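Asker:
Numbering (our numbering), first residue to last: 4 to 76.
1) Nearest to residue 35 by alpha carbon, out of 42, 28, 47, 29?
2) What residue range is occupied by the uninterrupted alpha helix (DSSP H) comprising residue 51?
3) Would you identify the three-state DSSP class for residue 29, choosing helix, strand or coil?
4) Rounded to the nearest angstrom, what separates residue 63 and residue 76 at their Cα positions?
5) Helix, strand or coil for residue 73? Go by DSSP, reduced to three states.
6) Would you mind working out which of 38, 28, 66 sits nearest residue 50, comparing C-alpha positions?
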């Protein structure tokens with residue numbers, strides 16, 4: 004509880020504080036979750052489905068310039 008201007012206890016919710024102000028975390032932007040067509044896993048976050056799909060395809064698009072080893076991320 005936080006003390007209001009009249010010394011009356013006021014909850015954080017009543018004061019209109021955001022989640023980030025209370026817990027220090029970021030507020031999640033409302034995005035439509037996507038579902039993997041292969042394993043039906045729900046993927047949250049823009050651009051993360053293509054990264055997840057590499058687990059099924061085995062694609063390794065990133066290559067080390069020093070040794071030539073390829074990676075998924």
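The beta carbon of each residue, even a glycine, is placed where N, CA and C say it ideally should be. Since we're looking at a predicted model, the values are computed, not measured.
Answerer: According to the structure shown:
1) Residue mapping note: residue 35 aligns to position 32 of the chain shown, counting from 1. Considering only alpha carbons, the answer is 47.
2) Numbered from its first residue, the chain shown carries residue 51 at position 48. Bounds of the alpha helix (DSSP H) holding residue 51 are 51 to 60.
3) Along the chain shown, one-based indexing puts residue 29 at 26. Coil, per DSSP.
4) Numbered from 1 along the chain shown, position 60 holds the residue referred to as residue 63. Numbered from 1 along the chain shown, position 73 holds the residue referred to as residue 76. Taken atom to atom, the span from the alpha-carbon of residue 63 to that of residue 76 is near 8 Å.
5) Translated into positions along the chain shown, residue 73 becomes position 70. The three-state reading of DSSP puts residue 73 in strand, counting E and B together.
6) Here residue 50 corresponds to residue number 47 of the chain shown, with the count starting at 1. Taking each of 38, 28, 66 in turn and checking the Cα distance to residue 50, the smallest one comes out for 38.
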